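Chains as they are written, first to last, in our numbering: chain A, 1 to 116; chain B, 117 to 225. Beta carbons: idealized from backbone N, C-alpha and C, even for Gly. Small disclaimer: the values here were computed from a predicted structure and weren't measured. Working notes, beginning with the structure itself.
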Amino acid sequence: DAGVTQSPTHLIKTRGQHVTLRCSPISGHKSVSWYQQVLGQGPQFIFQYYEKEERGRGNFPDRFSARQFPNYSSELNVNALLLGDSALYLCASSLSLFSQDPRPQHFGDGTRLSIL
Amino acid sequence: LAKTTQPISMDSYEGQEVNITCSHNNIATNDYITWYQQFPSQGPRFIIQGYKTKVTNEVASLFIPADRKSSTLSLPRVSLSDTAVYYCLVGLSGYALNFGKGTSLLVTP
Numbered sequence: 001d002a003g004v005t006q007s008p009t010h011l012i013k014t015r016g017q018h019v020t021l022r023c024s025p026i027s028g029h030k031s032v033s034w035y036q037q038v039l040g041q042g043p044q045f046i047f048q049y050y051e052k053e054e055r056g057r058g059n060f061p062d063r064f065s066a067r068q069f070p071n072y073s074s075e076l077n078v079n080a081l082l083l084g085d086s087a088l089y090l091c092a093s094s095l096s097l098f099s100q101d102p103r104p105q106h107f108g109d110g111t112r113l114s115i116l
Numbered sequence: 117l118a119k120t121t122q123p124i125s126m127d128s129y130e131g132q133e134v135n136i137t138c139s140h141n142n143i144a145t146n147d148y149i150t151w152y153q154q155f156p157s158q159g160p161r162f163i164i165q166g167y168k169t170k171v172t173n174e175v176a177s178l179f180i181p182a183d184r185k186s187s188t189l190s191l192p193r194v195s196l197s198d199t200a201v202y203y204c205l206v207g208l209s210g211y212a213l214n215f216g217k218g219t220s221l222l223v224t225p
């Protein structure tokens, strides 16, 4: 079975532009989460969606937004890009039905976003 | 979310068993312990998850004492390809995962 797939794999943007990153979850997974990983740090939680509803949001500015589609794929949008947004953006999916569900999240290999 | 403490780095030789211990004194009753492995420029890969006692799969073992305030990931007979960052997470995977800085494991010949 295919794992979590993300596109594009690499992206270069300039300050002030916006970007859309895409994620396709593992088949059957209805929960999708987004994480930002800057160099040398662990991933930081941005958003989680389940059944097209936002379930949780991390400590990120309103420039960051996301949505989930009926086929459970997801997009992460970032507006007014800053140099500090340069990072690896990771998408994870899981079978979790509710926040107390322990079933693990499975990650894609991310989109490497570089801001010039 | 329970705070975790794990060594910043560890070194090992090929063929040795590696044990990485994670402290989580404030673990909640419903929390699970989950370990991920991450290679450079790749996403974290799920290794193992447990609630209590011992869990074993084809890749690793996870030892959890009765008080659950710590856990130990055991990697048998490591190879060069096991060089990676290992993250210990405590909580419920249905929600946000709280990654720390992880343990950077270097395996040398």
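Do you know offhand how far residue i's Cα is from residue j's?
i, j, result
"residue 81 of chain A", "residue 182 of chain B", "48 angstroms"
"residue 186 of chain B", "residue 142 of chain B", "10 angstroms"
"residue 166 of chain B", "residue 63 of chain A", "37 angstroms"
"residue 69 of chain A", "residue 133 of chain B", "45 angstroms"
"residue 30 of chain A", "residue 105 of chain A", "11 angstroms"
"residue 109 of chain A", "residue 175 of chain B", "20 angstroms"
"residue 65 of chain A", "residue 151 of chain B", "28 angstroms"
"residue 194 of chain B", "residue 201 of chain B", "14 angstroms"
"residue 148 of chain B", "residue 214 of chain B", "12 angstroms"
"residue 60 of chain A", "residue 38 of chain A", "14 angstroms"
"residue 171 of chain B", "residue 184 of chain B", "13 angstroms"
"residue 103 of chain A", "residue 225 of chain B", "36 angstroms"
"residue 128 of chain B", "residue 188 of chain B", "16 angstroms"
"residue 32 of chain A", "residue 96 of chain A", "9 angstroms"
Please name the residue in the options whose C-alpha comes closest to that of residue i.
i, options, result
"residue 20 of chain A", "A:72, A:67, A:78", "A:78"
"residue 160 of chain B", "B:203, B:129, B:172, B:123", "B:203"
"residue 191 of chain B", "B:125, B:122, B:157, B:135", "B:135"
"residue 3 of chain A", "A:102, A:90, A:42, A:53", "A:90"
"residue 216 of chain B", "A:36, A:71, A:6, A:25", "A:36"
"residue 123 of chain B", "B:225, B:219, B:223", "B:219"
"residue 23 of chain A", "A:55, A:85, A:94, A:17", "A:94"
"residue 86 of chain A", "A:8, A:116, A:72", "A:116"
"residue 198 of chain B", "B:164, B:162, B:155, B:146", "B:155"
Rounded to the nearest angstrom, how far is the Cβ of residue i from that of residue j, given a contact under 8 angstroms?
i, j, result
"residue 74 of chain A", "residue 49 of chain A", "6 angstroms"
"residue 223 of chain B", "residue 120 of chain B", "The pair is not a contact, with the Cβ atoms about 23 angstroms apart (cut-off 8 angstroms)."
"residue 58 of chain A", "residue 41 of chain A", "Actually they do not touch by this definition, with Cβ atoms about 13 angstroms apart."
"residue 34 of chain A", "residue 76 of chain A", "5 angstroms"
"residue 211 of chain B", "residue 56 of chain A", "6 angstroms"
Can you pull the DSSP bridge partners for residue i?
i, result
"residue 185 of chain B", "BP columns for residue 185 of chain B are empty, so no partner."
"residue 180 of chain B", "B:169"
If the cut-off is 8 angstroms on Cβ atoms, which residues from the stretch 153 to 171 of chain B count as contacting chain A, listed in chain order? 157, 158, 159, 160, 161, 162, 165, 167
Please list, in chain order, the residues of the stretch 90 to 106 of chain A that have any C-beta partner in chain B closer than 7 angstroms. 90, 94, 96, 98, 99, 100, 101, 102, 103, 104, 105, 106
Short-range partners of chain B found in the stretch 60 to 74 of chain A, where Cβ spacing is below 7 angstroms: none
Where the stretch 39 to 50 of chain A meets chain B: residues whose CB sits under 7 angstroms from a CB there: 41, 42, 43, 45, 48
Taking beta-carbon pairs under 8 angstroms, can you tell me which members of the stretch 207 to 218 of chain B lie near chain A? 208, 209, 210, 211, 212, 213, 214, 215, 216, 217, 218
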